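K.L.:
Numbered per our numbering, the sequence shown spans residues 2 to 166. Here you go, one structure.
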Amino acid sequence: MKALLTALGCTLLIAGAPALAAAQITPLDAAGLRATLEKARGSVIVVNFWATWCRPCLDEIPLLQSVATEFAEQEFQLVSVSLDEPESMESQVIPFMKKWFPQFASYQSVEYNMDTMVSAVDPNWNEVLPTTYLLARDGSVAKIIQGKFSRQDLAERVAKLLGAE
2 MKALLTALGC TLLIAGAPAL AAAQITPLDA AGLRATLEKA RGSVIVVNFW
52 ATWCRPCLDE IPLLQSVATE FAEQEFQLVS VSLDEPESME SQVIPFMKKW
102 FPQFASYQSV EYNMDTMVSA VDPNWNEVLP TTYLLARDGS VAKIIQGKFS
152 RQDLAERVAK LLGAE
């Protein structure tokens, strides 16, 4: 499995930031997330909230990496945010990422309340993980996906939003 995950790996471009190094986790608060999304306005954005303790979240990471690779040359951004406890970043999240998803880049919420972070995108979030938001070029939420999705479905939705003017 590790070989498959490594084969699917890529460095993701996070909105408004330079390419992040392998398995780099960058701390971010809700205000920073809002600013990051605002800077990326004009692009199609996939915002994915995940945690190391959420098995379905982990199953999505290779799919997200694959879609990010497919649309890397277009006006597309993937913004991934770990909702693990802030104090677990060094002891748990970074070692986990280096072991299982060495080419995945993510932000780490520094908010102690998951609602505070996700509310930067959706004030009506119902605390289900994983949750993925597809944002149109104008920054509006075009689709909310909770739970499992297929790579094909996500890629088709992103392609449709990229084609929309």
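For every residue, glycine included, the Cβ atom is placed at its ideal position computed from N, Cα and C. Since the structure is predicted, the reported quantities are computational estimates derived from the model, not experimental observations.
1) Specify the secondary structure class of Q93 as computed by DSSP and reduced to three states.
2) Could you check whether Y134 and L29 sit closer than 7 Å to each other, using their CB atoms as the reference points?
3) Between the beta-carbon of A137 and the beta-carbon of L163, is there less than 7 Å?
4) With DSSP run on the structure shown, which of helix, strand or coil describes R42?
5) Return the chain-ordered list of same chain residues with a C-beta closer than 7 Å to the C-beta of A4, the five sequence neighbours on each side being excluded.
6) Let me see if you follow: with CB-CB separation under 7 Å, is V129 close to chain B or not?
7) If you compare alpha carbons, which of W54, K144 and E88 is closest to W126?
8) Go ahead and label N114 buried or exposed: buried means 16 or more other beta carbons lie within 10 angstroms of its beta carbon, across all protein chains shown.
9) Mark Q104 as exposed unless 16 or more other C-beta atoms lie within 10 angstroms of its C-beta, in which case mark it buried.
P.N.:
This is what the structure gives:
1) helix
2) no
3) no
4) strand
5) With a pLDDT of only 33 at A4, under 50, the local geometry of the prediction cannot be trusted, and the value read off the model is given with reservation. Correct list: empty, nothing qualifies.
6) Among the chains in the structure shown there is no chain B, since it carries only a single protein chain.
7) K144
8) Flag for N114 reads exposed.
9) Its Cβ being crowded by 16 or more others within 10 Å, Q104 is buried.
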